[in-house]
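Here the structure comes first, spelled out in structure tokens, and everything after it is commentary.
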Amino acid sequence: MHKAAQRRIIIPFLIPALALLGVFFLYPLVKTVDLSLNEFSRTGTMRFVGLDQYRLLAGDPDFFNSLKNTFLITLIGSGMLFPPAMAIAWALSQRIHGERFFRFVVFAPVVLSVAVVSLMWKFLYHPTLGLINPALKSMGLGALAKTWLGDPATALAAVTFVSVWHGIGIWIVLLCAGFERLPTDVLQAARIDGAGEWRVFRSIMLPMMRDLLRMLAILWVVQSLQSFAFVYILTGGGPFGSTDTVGTLMYRIAFDRADFGYAAAIGVVLVAVMLAAAKILDKVMKRDDLQY
Amino acid sequence: MTSSTDLAAQPAPAGPVDAPSPPVPAPPRRGASPRPRAPFRPHHLFFYLLLGVVALSSVSAYAWVFNVSMKTNAEFISSPPWQVADGWRWENYANAWDRANIGLFFGNSVVVSVASTAIGVVLAVFAAYPLARITFRFSGLVLGAFLLGLMIPWMVTFAPLYLIMQDLGLLDSRIGLVLVYATYNLPFNVFVLVGFMKTLPYELEEAAAMDGAGPTRTFLSVILPLMGPGLASVAIISFLQNWNEFFYALLLIHTPEKMPLPLGLFQLGQAADYGTNWATLFAGMMITVTPVLLGFALLQKHITKGLTAGALKG
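Residue numbers (the numbering used here), protein chains in the order written: chain Y, 5 to 296; chain S, 1125 to 1438.
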């Protein structure tokens, strides 16, 4: 029987991929938990300390500051991301002129490296050499000019903006798919009944896309809780820790303080926070299914 | 507010210019007839305004980088940021390529991305076959192990990964980076390819078995040739990710001669903070960005579809 013959290829086909996954992902994953129970000395020797690292973490102001900033990025970012993404997706689903050009421009930043995008924006934000402040001044809005990344009041929002600018294309494409899946007969019926376009959007499109929006919100939370590269390149966590995220703190602790155990403990807590946040968000945004 | 009227006017002429594009055989749009343009309605004005602002900001950022890459360092500091460069200073590009090592970084990136993409795709397609087409006891568990990689943030494991790489002697080596990237691609690749293979009819294997082909041969000469589109989109996405990856490069590579482009540019950017070599840095940015944008222009459909699939399960 060919079924029996097929069974012989299972292991050889799976082994290479599983070996890589095991060595470079699954084993490190398990090892993270193990490391988090150990204390590292500067010389690199480890000592088992049980849950001590977690106890330390619970009283670490740096950790809570980074956690607060990470949540702020998630929150501010969702405000910067979803309204424009929704509006642009709505616009693109209208078959307007130049749709292909707009799709290209809106999505293009997604394919660029985070490193290049961050570097570019670091210069765009530059108070004197950049583009933003001089542009504001020339429009007579010089009062709005700021040292965007150097001021603790604006740095976090500025960093968040860059990460939204980079990634918004994906969300727009996903939302476009949502718009295209809306039942046209329902929309047409509403229009015939005299509903304006804004009314159709608010009372029909939005409620019907609720499930998609919930999923995208969860995705956003999971993604932004891991913020690292943008922050690392744009500000390095500064000024005065105002943009320090859990990711950058973890990296700094591992490499500036050579404290791999503590970094691993932060990682474990981060995963727990992420799963909890996703779960809560899912609960909160879940409503009874819409009947139509 | 003066500018917003400019912006509103912007897309109107742009529209007709690129919208029809008949000479280029438009990428296969599903359905034979191209979708008709909607007749203009008042609320479209809002859409044009919105898209115009977005388009203008992106295009001007890109144009600005290009403009600076054509300036001298002295010009960059002394002239207003939007003043057009004095001349075409392509030597900035030559300098970036040679003296600032961009050429070296570029080569590293090509080698690392191609190798890791190839390994990631080949191993994934082999692993996906039994997971998709053969029922065996632990298949759910094995698939779960791969999918775990889509759910758990990889960054979390960096501390032990660093120590493991140190033990294996793969720290600061391009081979180590290739292996990590390939692994990093596996969950997504396996997920997509399993889904793709499940759509193929099961009679394929039965027919091949009737004709006396062994399972390996069936896979290689019946299933694999049918996987073209799936493999293409998985390969493009992997390549893009590997080309752009920053975190693991930062973690694992320390010698400038071994750095891929994003890390090398970051390094140059750090140096530019203290030195004065901006023009070279901007030329380097252009060198990094332009091939990706060109590739994206050619493969837009594939890339958006693939990345969308990636985000949906990320």
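Using N, Cα and C, we set each Cβ at its ideal position, and we do this for glycine too.
Remember, it's a predicted structure, so these values are computed and weren't measured experimentally.
Item to complete: For residue 267 of chain Y, count neighbouring C-beta atoms within 10 Å of its own C-beta (all shown protein chains included) and say buried if the count is 16 or more, exposed if not.
Response: buried
Discussion item. Within the continuous alpha helix (DSSP H) that includes residue 50 of chain Y, where are the two ends?
Written reply: Here residue 50 of chain Y belongs to no alpha helix (DSSP H); instead the beta strand (DSSP E) covers 50 to 52.
Worksheet entry | Reduced DSSP category for residue 315 of chain Y - H, G, I as helix; E, B as strand; rest coil | Residue 315 of chain Y lies beyond the range of chain Y shown here (5 to 296); nothing can be said about it.
Practice prompt. Report the three-state DSSP secondary structure of residue 1426 of chain S (helix, strand or coil).
Written response: helix
Worksheet entry | Alpha-carbon spacing of residue 1250 of chain S relative to residue 1306 of chain S, whole angstroms | 14 Å
Worksheet item: Which stretch, first to last residue, makes up the alpha helix (DSSP H) that contains residue 251 of chain Y?
Response: 250 to 259
Worksheet entry | Between the CA atoms of residue 160 of chain Y and residue 246 of chain Y - distance to the nearest angstrom | 7 Å
Worksheet item: Whose C-alpha, out of S:1179, S:1409 and S:1429, is nearest the C-alpha of residue 181 of chain Y?
Response: S:1429
Discussion item. Please return the same chain residues whose Cβ sits closer than 7 Å to the Cβ of residue 89 of chain Y, not counting the five positions on each side in sequence.
Written reply: 172, 175, 176 and 179
Worksheet entry | Bounding residues of the alpha helix (DSSP H) (the contiguous stretch that carries residue 1241 of chain S) | 1226 to 1257
Discussion item. Going by DSSP in three states, residue 1188 of chain S sits in which element: helix, strand or coil?
Written reply: helix
Worksheet item: In chain Y, what lies closer than 7 Å to residue 1247 of chain S by C-beta?
Response: 20, 21 and 24
Worksheet item: Taking residue 169 of chain Y as the reference, which of Y:215, Y:110 and Y:158 has the closest Cα?
Response: Y:110
Worksheet item: How is residue 1339 of chain S classed by DSSP in three states: helix, strand or coil?
Response: helix
Worksheet entry | Alpha-carbon to alpha-carbon, residue 1403 of chain S and residue 131 of chain Y | 18 Å
Worksheet item: Short check: CB of residue 1263 of chain S to CB of residue 1407 of chain S, under 8 Å?
Response: no
Discussion item. With three or more C-beta pairs closer than 8 Å as the rule, is the region 1316 to 1333 of chain S touching the region 1200 to 1210 of chain S?
Written reply: no
Practice prompt. Can you say whether residue 211 of chain Y is buried or exposed, counting buried as having 16 or more other CB atoms within 10 angstroms of its CB?
Written response: exposed
Practice prompt. Using the Cα positions of residue 262 of chain Y and residue 1286 of chain S, report the straight-line distance between them to the nearest angstrom.
Written response: 12 Å
Fill in: Neighbourhood of residue 1334 of chain S by C-beta distance below 8 Å, restricted to the same chain and skipping five residues each side
none
Worksheet entry | Simplified DSSP assignment, three categories, for residue 1208 of chain S | coil
Worksheet item: Given that residue 1279 of chain S touches chain Y, what residues does it touch there, using C-beta distances under 9 Å?
Response: 230, 232, 251, 254, 255, 271 and 274
Discussion item. Against residue 1253 of chain S, what residues of chain Y qualify as contacts under a CB-to-CB distance less than 7 Å, listed in chain order?
Written reply: 17
Item to complete: Could you tell me whether any Cβ in chain Y is nearer than 8 Å to the Cβ of residue 1354 of chain S?
Response: no
Worksheet item: Closest by CA to residue 1270 of chain S, which one among S:1375, S:1244, S:1292 and S:1427?
Response: S:1244
Item to complete: At 7 Å on the CB atoms, spell out the chain Y contacts of residue 1439 of chain S, in chain order.
Response: There is simply no residue 1439 of chain S to check, as chain S begins at 1125 and stops at 1438 in what is shown.
Practice prompt. Report the residue from S:1331, S:1340 and S:1320 whose alpha carbon sits nearest the alpha carbon of residue 1354 of chain S.
Written response: S:1320
Item to complete: Spatial neighbours of residue 1157 of chain S within its chain, please: CB distance less than 8 Å, with the 5 preceding and 5 following residues excluded, ordered by chain position.
Response: Confidence at residue 1157 of chain S is low in this model, with a pLDDT of 44, below 50, so its placement is unreliable and the value that follows should be read with caution. Taken in chain order, the list of residues that qualify is empty.
Worksheet item: Do you know how far the Cα of residue 23 of chain Y is from the Cα of residue 1340 of chain S?
Response: 20 Å
Practice prompt. Specify the secondary structure class of residue 1261 of chain S as computed by DSSP and reduced to three states.
Written response: coil
Worksheet item: For residue 1298 of chain S, is the classification buried or exposed, using 16 other Cβ atoms within 10 angstroms of its Cβ as the cut-off for buried?
Response: buried
Fill in: Closest residue to residue 66 of chain Y among Y:286, Y:251, Y:283 and Y:97 (Cα-Cα distance)
Y:251
Worksheet entry | Cross-chain neighbours of residue 1409 of chain S in chain Y, by beta carbon under 8 Å | 120, 123 and 124
Discussion item. Going by DSSP, what residue range makes up the alpha helix (DSSP H) through residue 1221 of chain S?
Written reply: 1215 to 1222
Practice prompt. Would you tell me roughly how many angstroms separate the C-alpha atoms of residue 1392 of chain S and residue 1186 of chain S, rounded to the nearest one?
Written response: 19 Å
Worksheet item: Cα separation between residue 1171 of chain S and residue 1366 of chain S?
Response: 35 Å
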